[in-house]
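Visitor: I have a structure here, written as structure tokens, and I will follow up with some questions on it.
Number of protein chains: 2
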Amino acid sequence: MKRYGYICLWFLFFFGYSSAMGAADQWGTGSLMIIVERENSSVVVVDSLKHEILGRISDLGVLHHASISFSQDARYAYIISRDGWLSKLDLLTLERVAKVKVGDSSIGLTVTQDNRYIAVSNYKPAVVKIIDAETFEDVAAIPVEREVNGETVPSRVVGMVDAPGNLLVFSLMDADGIWVVDAGSSDFPVIKKYWDIGKMPYDALLTPDGRYYIAGLYHSRHLAMLDLWELDKTKEIDLNNPNKKTAKMAVRKVPHLGGWSMAGGLFFAPVVAEARLPVYRSGSFELIKSISLAGMPMFAMASPDGRHVWVNFSGQNHRLVQVIDVATLEVVKTFDIGDRVFNMEFSPKGAYVYISSYKDNKVVVIAANKLQIIKKFDVNTPSGIFSTIRAHISGL
Amino acid sequence: MKRYGYICLWFLFFFGYSSAMGAADQWGTGSLMIIVERENSSVVVVDSLKHEILGRISDLGVLHHASISFSQDARYAYIISRDGWLSKLDLLTLERVAKVKVGDSSIGLTVTQDNRYIAVSNYKPAVVKIIDAETFEDVAAIPVEREVNGETVPSRVVGMVDAPGNLLVFSLMDADGIWVVDAGSSDFPVIKKYWDIGKMPYDALLTPDGRYYIAGLYHSRHLAMLDLWELDKTKEIDLNNPNKKTAKMAVRKVPHLGGWSMAGGLFFAPVVAEARLPVYRSGSFELIKSISLAGMPMFAMASPDGRHVWVNFSGQNHRLVQVIDVATLEVVKTFDIGDRVFNMEFSPKGAYVYISSYKDNKVVVIAANKLQIIKKFDVNTPSGIFSTIRAHISGL
Chain A
283 MKRYGYICLW
293 FLFFFGYSSA
303 MGAADQWGTG
313 SLMIIVEREN
323 SSVVVVDSLK
333 HEILGRISDL
343 GVLHHASISF
353 SQDARYAYII
363 SRDGWLSKLD
373 LLTLERVAKV
383 KVGDSSIGLT
393 VTQDNRYIAV
403 SNYKPAVVKI
413 IDAETFEDVA
423 AIPVEREVNG
433 ETVPSRVVGM
443 VDAPGNLLVF
453 SLMDADGIWV
463 VDAGSSDFPV
473 IKKYWDIGKM
483 PYDALLTPDG
493 RYYIAGLYHS
503 RHLAMLDLWE
513 LDKTKEIDLN
523 NPNKKTAKMA
533 VRKVPHLGGW
543 SMAGGLFFAP
553 VVAEARLPVY
563 RSGSFELIKS
573 ISLAGMPMFA
583 MASPDGRHVW
593 VNFSGQNHRL
603 VQVIDVATLE
613 VVKTFDIGDR
623 VFNMEFSPKG
633 AYVYISSYKD
643 NKVVVIAANK
653 LQIIKKFDVN
663 TPSGIFSTIR
673 AHISGL
Chain B
283 MKRYGYICLW
293 FLFFFGYSSA
303 MGAADQWGTG
313 SLMIIVEREN
323 SSVVVVDSLK
333 HEILGRISDL
343 GVLHHASISF
353 SQDARYAYII
363 SRDGWLSKLD
373 LLTLERVAKV
383 KVGDSSIGLT
393 VTQDNRYIAV
403 SNYKPAVVKI
413 IDAETFEDVA
423 AIPVEREVNG
433 ETVPSRVVGM
443 VDAPGNLLVF
453 SLMDADGIWV
463 VDAGSSDFPV
473 IKKYWDIGKM
483 PYDALLTPDG
493 RYYIAGLYHS
503 RHLAMLDLWE
513 LDKTKEIDLN
523 NPNKKTAKMA
533 VRKVPHLGGW
543 SMAGGLFFAP
553 VVAEARLPVY
563 RSGSFELIKS
573 ISLAGMPMFA
583 MASPDGRHVW
593 VNFSGQNHRL
603 VQVIDVATLE
613 VVKTFDIGDR
623 VFNMEFSPKG
633 AYVYISSYKD
643 NKVVVIAANK
653 LQIIKKFDVN
663 TPSGIFSTIR
673 AHISGL
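Below is the structure:
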């Protein structure tokens, strides 16, 4: 009897304890930061209000260029690895709750507007995979290819975004195309195919209002823009006629269009291989200014209040982050963050900026209003940083 | 022994069961809808992905004109009752975890950009109360008053918003003023006082970029606008020179400025007591069109994709909601929702619209892309609907 009693008490203690711990360990999912540990096949989940690491989720595949999207309730993070593993991470329990192989070489993903599916863009095989967000079943594979001289040419897929109207939009890197899929129809039809939009799209963005899809082109001097309200034809935007052109520098990295910004009616677009940031008027794309910088911009990210644009660099001065005042278009602050600054992300309402220093195994937190570093913490080879505020933004 | 064993098993079953239930009952907090049950002193919490009621939290005071703001992680909803009770609702456990009396007659609230404080605007007493969001301690009371002919005149406070730079901005209804408080300083100093901005501000909004604070004036023909980047002086915006003026109708309700909208570079502003919606160009405030409607607009809310503006009415045709296409500025759909439509709110990325029919004790859910009613559910005297997406938007 005594023995059973003890066991019973032990169980009670154990369950009571877990239960109490459970209560203490609960968190809302609205302001979490998921930081990719690039060489560690893992992510850490951070509370961006307290700047504390809540935990780590491991064994996620090859995370070079890994990308993350969120369910709309911000409960789940979906991460796609470079080697084609799509994982579903529960941000309440910090466990992987599902995984599926979606390709041999994958590059991006998005969650549909209705929150029901995940669309993955592959380099290989040349398909867009549609996965049921709840069951993680493979529900469709859209072949991405073009007929050229009677031959079928498969294409790598880039610039995958979800868009209002429950659409998916993506670009065909090897076929100079932009396609639009209706994710509200059970067979996921490609409802529009735009061809010869320019040479070799390499990335794309959706404007914050969800209306314009803009693709960057590796071998053309313009950008291709599609108005999703019209779904008519793509327009060319020429960003290559700046007043003050500086000498070209060797290309280290193609600027990601995800790091382009709009703020204060202006459009900030890094150009490939130059140590400056051209500023255009939104809409007309008239060049306003070309801001000289410490290096070749990799990302140029507007703060949520549009007050500043934060820039990091590839190649020369990769330790630095420069902050541009949108009102004056001048650099107002230069931070030495650490070896190889990779990514930046804002906390909700822009109070803090998280910046990853890949080689220093460090994430630096800056109070955005005061432009002051307030904390540094250890993260293993940090690269991409993804705030759960993305759960509510079309195109992310 | 046997008996202890049974008890032990029972406990095990009980804890195992609760634990399992706990897991099943978890949810992310990113896409919840909190619906005020106006005459029932309660709110219901709804999963806006499944359109299911998760639970009810009661005993919240007099909820006429009740307002809700959220912690940035969307874990907590802060609700202010008309009779001055501020409650903290845990959206993971659906329990009230704190309450404090902050006034005799309260009207609005906001959470500061740094997520540390709740600022409550009172009618009576004439103070802004600052409450610690974590401890719920009363940390400051800012007297709101003006010296007039040597006498101190207290003022009701309206249009309370949080703004970038960790600021609080609000208007003085009985003193024709706008004040700015630095919520980043421990003594919450009023750093700017603007006087004679126009006669009797009654409500205000912060533009979505967090830059402009615009106050509506009951007894002036203009609006007062403050540029928070400059913090210089207020400007007058005149919205009262429309091309097509219709006959005035009796005022039933003053349009809330929170229901004004910007979309597609346009500004939609209901005017008091007229059955039309004037549309202005953003920035210049030039009148583009005056759209004839079924009644006097109460709220005119742009969908998150800026594609449509949804309008409900006070007085005549209070059962209806009309949808305006922003591209054509024409009414494209009219819904008969139910008796006394009070409020509308979008789910994340705008896939669904929730609309409260106060007198019918019903909330109607519409698929925004297809403009189709997909569900109705029972809610006791529903009025305000607050999505947790507000947790990340300055000014809400």
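Note that the protein sequences, when read in sequence, are chains A and B.
Using the numbering used here, the letters of the first sequence map in sequence onto residues 283 to 678.
Using the numbering used here, the letters of the second sequence map in sequence onto residues 283 to 678.
Here a beta-carbon is modelled for each residue, glycine too, at the ideal position from N, C-alpha and C.
I want to see whether chain B comes within less than 9 Å of F352/A, judged by CB atoms only; does it?
Guide: Position 70 of the first sequence, counted from the start, is the residue given in the question as residue 352/A. Interface residue, yes.
Visitor: What did DSSP end up calling R563/B once you bin it into helix, strand or coil?
Guide: Mapped onto the second sequence, residue 563/B falls at position 281. R563/B falls in the strand class under three-state DSSP.
Visitor: Just checking: is the beta-carbon of K631/A within a distance shorter than 9 Å of some beta-carbon in chain B?
Guide: Taking the first residue of the first sequence as position 1, residue 631/A is located at position 349. Chain B, which has a Cβ nearer than 9 Å to the Cβ of K631/A, makes this yes.
Visitor: Using a threshold of 9 Å, state whether the C-beta atoms of F452/B and A486/B are closer than that.
Guide: As a first step, residue 452/B must be located in the second sequence, where it is residue number 170. As a first step, residue 486/B must be located in the second sequence, where it is residue number 204. Yes, the Cβ-Cβ distance between F452/B and A486/B is below 9 Å.
Visitor: Expressed to the nearest angstrom, what Euclidean distance is found between the alpha-carbon atoms of S369/B and L314/A?
Guide: Stepping through the second sequence from its first residue, residue 369/B is reached at position 87. Stepping through the first sequence from its first residue, residue 314/A is reached at position 32. If you take the alpha carbons of S369/B and L314/A, they lie about 24 Å apart.
Visitor: From the beta carbon of A356/A, is the nearest beta carbon of chain B less than 9 Å away?
Guide: To locate residue 356/A, count along the first sequence from 1; it is residue 74. True, the Cβ-Cβ gap to chain B drops below 9 Å.
Visitor: Residues of chain A with CB under 7 Å from P446/B, in chain order?
Guide: Locating residue 446/B in the second sequence gives position 164, counting from the first residue. In chain order: D587, R589, G632.
Visitor: Near K517/B, what residues of its chain come up, given a Cβ to Cβ distance below 7 Å and the 5 sequence neighbours on each side ignored?
Guide: Within the second sequence, residue 517/B is the residue found at index 235, counting from 1. Correct list, in chain order: M507.
Visitor: What would DSSP say about I671/A, mapped onto helix, strand or coil?
Guide: Locating residue 671/A in the first sequence gives position 389, where the first residue counts as 1. Helix at I671/A.
Visitor: Have a look at Y636/A and V614/B and give me their C-alpha separation to the nearest angstrom.
Guide: Here residue 636/A refers to the residue found at position 354 when the first sequence is read from its first residue. Here residue 614/B refers to the residue found at position 332 when the second sequence is read from its first residue. Straight-line Cα distance between these residues: approximately 44 Å.
Visitor: Apart from the five residues just before and just after P630/A, which ones in its own chain have a Cβ nearer than 6 Å to its Cβ?
Guide: As a working note, residue 630/A is residue 348 in the first sequence. Answer for P630/A: S313, I671, listed in chain order.
Visitor: Can you pull the chain B neighbours of T610/A, defined as C-beta to C-beta under 8 Å?
Guide: Start at 1 with the first residue of the first sequence, and residue 610/A comes out as number 328. By Cβ distance, chain B contributes nothing, its closest Cβ being about 11 Å from T610/A, past 8 Å.
Visitor: Can you grab the Cα-Cα spacing for the pair P446/B / I412/B, in whole Å?
Guide: In the second sequence, counting from the first residue as 1, residue 446/B sits at position 164. In the second sequence, counting from the first residue as 1, residue 412/B sits at position 130. Going from the Cα of P446/B to the Cα of I412/B covers about 18 Å.
Visitor: Considering only C-alpha positions, which residue in the set R378/B, T394/B, D365/B, A401/B is nearest to G385/B?
Guide: Mapped onto the second sequence, residue 385/B falls at position 103. When only C-alpha atoms are compared, the closest one is D365/B.
Visitor: Kindly indicate if chain B contains any beta-carbon less than 9 Å away from that of W592/A.
Guide: Looking up residue 592/A in the first sequence gives position 310. Output row for W592/A: interface = no.
Visitor: Give the single residue among K475/B, I473/B, L559/B whose Cα lies nearest to the Cα of I573/B.
Guide: If you number the second sequence from 1, residue 573/B lands on position 291. Of the candidates K475/B, I473/B, L559/B, the one whose C-alpha sits nearest the C-alpha of I573/B is L559/B.
Visitor: Taking a cut of 9 Å between CB atoms, which residues from the segment 477 to 507 of chain A lie near chain B?
Guide: Within the segment 477 to 507 of chain A, the qualifying residues are D491, G492, R493.
Visitor: Are the CB atoms of S468/A and M482/A within a distance shorter than 9 Å?
Guide: Position 200 of the first sequence holds residue 482/A. Position 186 of the first sequence holds residue 468/A. No.
Visitor: Check T610/B in the structure and name its three-state DSSP category.
Guide: Residue 610/B sits at position 328 when you count from the first residue of the second sequence. Of the three classes helix, strand and coil, the one that applies to T610/B here is coil, per DSSP.
Visitor: Nearest CA to the CA of I479/B: which residue from R493/B, M455/B, G466/B, P471/B?
Guide: Residue mapping note: residue 479/B aligns to position 197 of the second sequence, counting from 1. I479/B has its Cα closest to that of M455/B, out of R493/B, M455/B, G466/B, P471/B.
Visitor: Just to confirm my understanding: we take D329/A, look at its own chain, exclude 5 residues before and 5 after, and list those with CB closer than 6 Å. What are they?
Guide: Stepping through the first sequence from its first residue, residue 329/A is reached at position 47. Excluding sequence neighbours, D329/A sits near L336.
Visitor: So, with DSSP's three-state summary, where would you put P630/B?
Guide: Translated into positions along the second sequence, residue 630/B becomes position 348. If DSSP states are grouped into helix, strand and coil, P630/B belongs with the helices.
Visitor: Within a Cβ cutoff of 7 Å, which residues of the same chain sit near N397/A, ignoring the five residues on either side of it in sequence?
Guide: On the first sequence, residue 397/A is found 115 positions in, with the first residue counted as 1. The answer, listed in chain order, is S353, Q354, A415.
Visitor: Could you pull out every unbroken beta strand (DSSP E) segment of at least 3 residues lying fully inside the segment 371 to 446 of chain B, listed in chain order?
Guide: Correct list: 377 to 383, 387 to 393, 399 to 406, 409 to 414, 420 to 425, 427 to 430, 433 to 436, 439 to 445.
Visitor: Using 9 Å as the limit for Cβ to Cβ distance, is T670/A near chain B?
Guide: Along the first sequence, one-based indexing puts residue 670/A at 388. Yes, contact with chain B.
Visitor: Roughly how many whole angstroms lie between the Cα atoms of N625/B and Y500/B?
Guide: Here residue 625/B corresponds to residue number 343 of the second sequence, with the count starting at 1. Here residue 500/B corresponds to residue number 218 of the second sequence, with the count starting at 1. So the two alpha carbons sit approximately 22 Å from each other.
Visitor: Cβ of W269/A less than 9 Å from any chain B Cβ?
Guide: Outside the modelled stretch of chain A, which goes from 283 to 678, sits residue 269/A, for which no answer is possible.
Visitor: DSSP beta-bridge partners for N594/B?
Guide: In the second sequence, the residue the question calls residue 594/B occupies position 312. The partner list for N594/B (beta bridge, DSSP) reads V603/B.
Visitor: Using a Cβ-Cβ distance under 9 Å, would H333/A count as near chain B?
Guide: If you number the first sequence from 1, residue 333/A lands on position 51. Not an interface residue.
Visitor: Within 9 Å (strictly less), CB to CB, does G666/A reach chain B?
Guide: Start at 1 with the first residue of the first sequence, and residue 666/A comes out as number 384. For G666/A, the answer is no, since every Cβ of chain B falls outside 9 Å of its Cβ.
Visitor: Cα separation between L513/A and L449/A?
Guide: Mapped onto the first sequence, residue 513/A falls at position 231. Mapped onto the first sequence, residue 449/A falls at position 167. Looking at the two C-alpha atoms, the distance is approximately 11 Å.
Visitor: Quick check: is the beta carbon of I675/A nearer than 9 Å to any beta carbon in chain B?
Guide: As a working note, residue 675/A is residue 393 in the first sequence. It does: the Cβ of I675/A has a partner Cβ on chain B nearer than 9 Å.
Visitor: Residues in the same chain with beta-carbon distance under 8 Å from F549/A, minus the five sequence neighbours each way, listed in chain order, please.
Guide: To locate residue 549/A, count along the first sequence from 1; it is residue 267. Hits under 8 Å: W542, S543, V561, Y562, R563, S564, F567.
Visitor: W542/B CB to nearest chain A CB: under 9 Å?
Guide: The residue you call residue 542/B lines up with position 260 of the second sequence. No - not a single Cβ of chain A is within 9 Å of the one on W542/B.
Visitor: Of all the CB atoms in chain A, is at least one closer than 9 Å to the CB of A457/B?
Guide: Taking the second sequence and counting its residues from 1, one reaches residue 457/B at position 175. For A457/B, the answer is no, since every Cβ of chain A falls outside 9 Å of its Cβ.
Visitor: Quickly, what does DSSP pair M315/B with across the bridge? List them, please.
Guide: Indexing the second sequence from 1 puts residue 315/B at position 33. Looking at the DSSP assignment, M315/B forms a beta bridge with V328/B, S669/B.
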